Amino acid sequence: MEFIPAGEIVDNVQIRTVTISSDPNLPDGEYAFVDMYCTDDACDCRKTMVAVMHNGAQVATVDFGWETDAYYQKWMGGEAAGMPKMSGASIAMCSKANLREGVLILFNHLLNEQWIGKFKEHYRLVKAKRAGKQKENLTIVSALKFTDQYQDLLQNIETAIIHVHRHIPLLDYDVMEALEYLIDTYKHISQGREPKAPRLNQKTGQLYTDIMEVCCWRMGTEAVSPELGELPENVTIYSAADIVACLKRILKSVKKWNKGYGRTGYLTFIGKFSGKG
Ligand SMILES: [Zn+2]
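All the letters of the sequence shown, read from the start, carry residue numbers 0 to 276 under numbering that gives the first Met the number 0.
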């Protein structure tokens with residue numbers, strides 16, 4: 000089953016963050032907790048999966064169920080040997096081994112009625128939105144379809160963004176600016192007109208060039224950079240109009256995450272889904 004961050008569906012979600020220094024179990028830095036929920040509206044799992052990010056990179060996942068053991072046993076159809084504990088907080092095995100203990104201690108330390116209340120509310124809203132009015136459902140479905148159709152291209156563009164961010168720390172605002180220029184450029188290209196020269200600073204200039212490189216590559220233009228290499232034979236070649244649609248889509252996502260989570264809300268969010276290095 001798929002889990003998605005509450006912020007993908009619910010408006011104005013605030014990500015909880017805490018700054019740690021001199022903790023015996025954890026490296027210094029900013030820790031952010033992104034609560035995610037299962038999107039199956041027929042499933043009543045009553046839990047959240049919390050992605051724990053350290054300075055923008057995911058280091059651990061905490062599963063938290065707010066109901067009692069009895070509830071989950073009944074939900075799973077009776078007590079079974081080796082059944083994972085769902086009540087309370089537990090650390091997922093995919094978490095970094097050396098941080099598991101520290102993260103779990105920190106999570107339990109931060110846990111309070113207010114935070115649990117937020118989880119319950121987000122869970123309810125995610126499920127309600129998924130199950131709710133057909134119109135809303137259709138919007139979500141079409142959004143998911145779009146993401147499916149263009150998944151590789153969206154990923155190529157976001158990887159380019161994260162790559163720049165790792166070398167020159169960016170703000171969401173830089174990304175928005177570069178995307179706006181790129182949308183304009185590719186609109187011109189799709190209409191067979193000469194693109195206007197954008198006015199860019201060092202950061203937005205780097206973003207503009209790198210994203211453009213990846214887009215040219217996906218359009219089947221001759222490999223612009225040795226790093227990207229030749230486009231494999233069986234991949235989809237996209238048109239300038241496809242590129243515009245994807246850039247717009249990413250811009251929308253930057254705006255949404257930025258509005259909900261602050262100056263680097265979007266960058267933090269996409270950093271979570273990309274590997275290190
Ligand atoms: Zn579920």
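Ideal Cβ placement from N, Cα and C applies to all residues, glycine included.
All figures in this text were calculated on a predicted structure; none of them were measured in a lab.
Residue environment, residue i, which counts as buried when at least 16 other CB atoms sit within 10 Å
| i | result |
| --- | --- |
| glycine 191 | exposed |
| glutamate 176 | buried |
| isoleucine 236 | exposed |
| isoleucine 167 | exposed |
| alanine 196 | exposed |
| histidine 108 | exposed |
| threonine 60 | buried |
| glutamine 133 | Residue confidence is low: glutamine 133 scores 46 on pLDDT, short of 50, so the model does not pin down where it sits. No coordinate-derived value is stated. |
| glycine 64 | buried |
| serine 94 | buried |
| glutamate 7 | buried |
| glutamine 57 | buried |
| arginine 198 | exposed |
| lysine 46 | buried |
| asparagine 305 | This structure cannot settle anything about residue 305, because the visible part of the chain is limited to 0 through 276. |
DSSP-derived helix/strand/coil call for residue i
| i | result |
| --- | --- |
| alanine 159 | helix |
| methionine 92 | coil |
| valine 174 | helix |
| threonine 60 | strand |
| glutamine 133 | Low local confidence applies: a pLDDT of 46 at glutamine 133 is under 50, so the model's placement there is unreliable, with the coordinate-based value given in what follows. Three-state result, glutamine 133: helix. |
| alanine 5 | helix |
| lysine 46 | strand |
| valine 51 | strand |
| glycine 101 | helix |
| glycine 116 | helix |
| aspartate 68 | helix |
| asparagine 11 | coil |
| asparagine 107 | helix |
| threonine 146 | helix |
| glutamate 232 | coil |
| alanine 41 | coil |
| arginine 198 | coil |
| aspartate 183 | helix |
| arginine 123 | helix |
| leucine 152 | helix |
For residue i, the nearest candidate out of the options (CA to CA)
| i | options | result |
| --- | --- | --- |
| valine 9 | Phe106, Ile104, Lys126 | Lys126 |
| valine 213 | Glu157, Asn111, Phe106, Gln72 | Glu157 |
| aspartate 147 | Cys37, Arg99, Arg248, Ala239 | Arg248 |
| glutamine 201 | Leu169, Cys215, Glu193 | Leu169 |
| threonine 38 | Tyr122, Lys255, Ala69, Leu199 | Tyr122 |
| aspartate 43 | Ile161, Val49, Trp74 | Trp74 |
| lysine 278 | Phe32, Lys271, Val174 | Because the chain is modelled from 0 through 276, residue 278 falls outside the range shown and cannot be assessed. |
| phenylalanine 32 | Met48, Glu193, Arg129 | Met48 |
| valine 163 | Leu206, Leu178, Asn155 | Leu206 |
| valine 234 | Val243, Met218, Lys46 | Met218 |
| serine 189 | Phe118, Ala240, Asp183 | Ala240 |
| aspartate 40 | Pro231, Lys128, Ala69 | Lys128 |
Element boundaries [alpha helix (DSSP H), containing residue i]
| i | result |
| --- | --- |
| glutamine 201 | 201-217 |
| threonine 267 | 264-271 |
| serine 86 | Here serine 86 belongs to no alpha helix (DSSP H), and DSSP marks it neither H nor E. |
| glycine 259 | 239-260 |
Continuous beta strand (DSSP E) stretch holding residue i: start and end
| i | result |
| --- | --- |
| aspartate 34 | 28-37 |
| isoleucine 167 | No beta strand (DSSP E) holds isoleucine 167; DSSP gives it neither H nor E. |
| valine 17 | 15-19 |
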